[in-house]
Amino acid sequence: MSFTLAIIGRPNVGKSTLFNRLVGKRLALVDDQPGVTRDLREGAARLGSMRFTVIDTAGLEEATDDSLEGRMRRLTERAVDMADACLFLIDARTGLTPTDHAFADILRKRGITVILGE
């Protein structure tokens, strides 16, 4: 069975690092500065014997639609629509933020399977 998993969350919660580990290559840029990932990156992933497609997304931020952050959010929403499930990453050190709650509501409304990771 083949499926697609979108990795989503706020900036700098480890989305691109996890993506690189799952695909076994450094396909996504990783940096301490938020906002480095601005587009979608897709790759063939492997976890044990399971193989699937994984999508790395830009950080979710509440922003107006005409801003760069808003365009990045729309790309992330497109990845959610393409995916069979989403891995919603949060920063365990920070805990859940109001932004995390806002995007959790968006995911609930879309009715997609969500896995919460920290």
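Just so we're aligned, residue 828 is where the sequence shown starts under the numbering used here, counting upward by one.
By construction, the Cβ of each residue, glycine as well, lies at the ideal position given by its N, Cα and C atoms.
If you're wondering where the values come from, they're calculated on a predicted model, not measured in any experiment.
### Message
What would DSSP say about F798, mapped onto helix, strand or coil?
### Response
Nothing about residue 798 can be read from this structure; the chain reaches only from 828 to 945.
### Task
Going by CA-CA distance only, name the one from L934, L943, R878 that's closest to G922.
By one-based count along the sequence shown, residue 922 stands at place 95. Closest option to G922, Cα to Cα, is L943.
#### Entry: D927 versus S876 - alpha carbon distance
Looking up residue 927 in the sequence shown gives position 100. Looking up residue 876 in the sequence shown gives position 49. Rounded to the nearest angstrom, the two C-alpha atoms are 31 angstroms apart.
### Assigned secondary structure, T806 (DSSP; H/G/I helix, E/B strand, else coil)
Residue coverage of the chain in this structure runs from 828 to 945, which leaves residue 806 outside it and unanswerable.
### Task
Assuming A833 and A885 form a contact by the criterion Cβ under 8 angstroms, report the distance between their Cβ atoms to the nearest whole angstrom.
In the sequence shown, counting from the first residue as 1, residue 833 sits at position 6. In the sequence shown, counting from the first residue as 1, residue 885 sits at position 58. Going by Cβ atoms, the distance from A833 to A885 rounds to 11 angstroms, so no, they are not a contact pair.
### Message
Suppose contacts are defined by Cβ-Cβ distances below 8 angstroms. Is I882 in contact with T924 by that definition?
### Response
Mapped onto the sequence shown, residue 882 falls at position 55. Mapped onto the sequence shown, residue 924 falls at position 97. Not closer than 8 angstroms, so no.
### Task
List the endpoints of the continuous alpha helix (DSSP H) containing F930.
As a working mapping, residue 930 is identified with position 103 in the sequence shown. Counting along the chain, the alpha helix (DSSP H) containing F930 begins and ends at 925–937.
### Residue environment, K936, which counts as buried when at least 16 other CB atoms sit within 10 Å
The residue given as residue 936 occupies position 109 in the sequence shown. Exposed: under 16 other Cβ atoms inside 10 Å.
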